[in-house]
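Line order of the protein sequences matches chains W and X. Following the numbering used here, the numbering of the first sequence begins with 1 at its first residue and continues without gaps. Following the numbering used here, the numbering of the second sequence begins with 1001 at its first residue and continues without gaps. All C-beta atoms in this analysis are idealised placements derived from N, C-alpha and C, irrespective of residue type, glycine included. Remarks on the structure that follows.
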Amino acid sequence: EDQVTQSPEALRLQEGESSSLNCSYTVSGLRGLFWYRQDPGKGPEFLFTLYSAGEEKEKERLKATLTKKESFLHITAPKPEDSATYLCAVQAAGGSARQLTFGSGTQLTVLP
Amino acid sequence: EADIYQTPRYLVIGTGKKITLECSQTMGHDKMYWYQQDPGMELHLIHYSYGVNSTEKGDLSSESTVSRIRTEHFPLTLESARPSHTSQYLCASSKENSYEQYFGPGTRLTVT
């Protein structure tokens, strides 16, 4: 069974304090790993797709990396507007090709 | 920004009522999805569609039904709402050969 575990569940940072969010996964063949940002009361907003170990993607203060067992979302010098829940999801290459398996997210709060 | 719309955004309704949650996308995407998300929890797939006249149930058991008569429209219906249906319902879509899903803003349903 495909599984995604995100840690920590919640993270509070001071503005400018860099950190990383972790997404550990177990799938029967990875087709893709996805990062989303979700603001309260809204739908998830797509951030990145990673397909193979060693791949990296960047967008403003965010950088996503991928290994064979986990992905990291690095946040450099965060600002209060980066506060949100960050979701990780995986797409398996096997029988669950129709859907994504989501983690429960990391709730990030950046204090001014 | 993804062009996917959900109405209503918020709905409070009494037990036993029939309701339809609307979802429309203007991107021409073939694949559409319905997810259920409780606060602080993972997204769970309840229905998906690969195209017109194609609908399947997801892994999370749901008493709702869906239809896909037009590419852009994927409504979800509850014939008789119950308090256990209280949740956030998220609609998403993706291109035929992509697993990147784009989400609508969600419908927050409360059944009293």
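Mind checking if residue i is an interface residue toward chain W, Cβ cutoff 7 angstroms exclusive?
i: glutamate 1042/X; result: yes
i: tyrosine 1099/X; result: yes
i: glycine 1028/X; result: no
i: tyrosine 1102/X; result: yes
i: glycine 1051/X; result: no
i: proline 1105/X; result: yes
i: leucine 1090/X; result: yes
i: leucine 1011/X; result: no
i: leucine 1076/X; result: no
Do residue j and residue i have their beta-carbon atoms positioned less than 7 angstroms apart in this structure?
i: proline 78/W; j: leucine 13/W; result: yes
i: glutamine 46/W; j: glutamate 1096/X; result: The question names glutamine, yet the displayed sequence has phenylalanine at residue 46/W. Not in contact: phenylalanine 46/W and glutamate 1096/X (Cβ atoms no closer than 7 angstroms).
i: glycine 43/W; j: phenylalanine 1103/X; result: yes
i: tyrosine 1048/X; j: glycine 1040/X; result: no
i: arginine 1108/X; j: threonine 1015/X; result: no
i: isoleucine 1013/X; j: valine 1111/X; result: yes
i: aspartate 2/W; j: threonine 67/W; result: no
i: serine 18/W; j: threonine 76/W; result: yes
When the Cα of residue i is compared with those of the options, which residue comes out closest?
i: leucine 1045/X; options: Glu1056/X, Val1052/X, Ile1069/X; result: Glu1056/X
i: threonine 1065/X; options: Trp1034/X, Thr1086/X, Met1041/X; result: Trp1034/X
i: aspartate 1038/X; options: Ser1098/X, Thr1086/X, Ala1092/X, Gly1028/X; result: Thr1086/X
i: serine 1093/X; options: Arg1068/X, Glu1042/X, Val1111/X; result: Arg1068/X
i: threonine 85/W; options: Ala10/W, Asp2/W, Ser19/W; result: Ala10/W
i: glutamate 1042/X; options: Lys1031/X, Gln1088/X, Met1032/X; result: Gln1088/X
i: proline 8/W; options: Gly103/W, Leu111/W, Pro112/W; result: Gly103/W
i: threonine 65/W; options: Val110/W, Ser24/W, Leu111/W, Glu15/W; result: Ser24/W
Nearest chain X C-beta to residue i closer than 7 angstroms, yes or no?
i: glutamine 6/W; result: no
i: glycine 29/W; result: no
i: proline 78/W; result: no
i: serine 104/W; result: yes
i: glutamine 118/W; result: Here chain W has residues from 1 to 112 only, and residue 118/W is not among them.
i: threonine 26/W; result: no
i: proline 44/W; result: yes
i: threonine 49/W; result: yes
i: glutamine 3/W; result: no
Is residue i close to the ligand COA? I mean its beta-carbon at under 6 angstroms from any heavy atom of the ligand.
i: glycine 29/W; result: The ligand COA is not part of the structure shown, which contains no ligands of any sort.
Open item on the list: Below 8 angstroms, how does it come out for the stretch 1016-1025 of chain X and the stretch 1064-1081 of chain X: are there three or more Cβ pairs, yes or no?
Closed with: Yes, they touch.
- [ ] Please go through the stretch 29-55 of chain W and give each complete beta strand (DSSP E) segment of 3 or more residues, from N-terminal end onward.
- [x] Qualifying beta strand (DSSP E) stretches, in chain order: 30-38, 45-50.
- [ ] Inspect the CB distances between the stretch 85-94 of chain W and the stretch 30-41 of chain W and report whether three or more fall short of 8 angstroms.
- [x] Judged by Cβ distances under 8 angstroms, the stretch 85-94 of chain W makes contact with the stretch 30-41 of chain W, as three or more pairs qualify.
TODO: Pick out the complete beta strand (DSSP E) segments inside the stretch 1010-1049 of chain X, 3 residues or longer, and give them in chain order.
DONE: DSSP runs (the beta strand (DSSP E)) wholly in the stretch 1010-1049 of chain X: 1010-1013, 1019-1025, 1031-1037.
Task: Within the stretch 58-86 of chain W, ranges of the beta strand (DSSP E) (whole runs, at least 3 residues) - done: Correct list: 62-66, 70-75.
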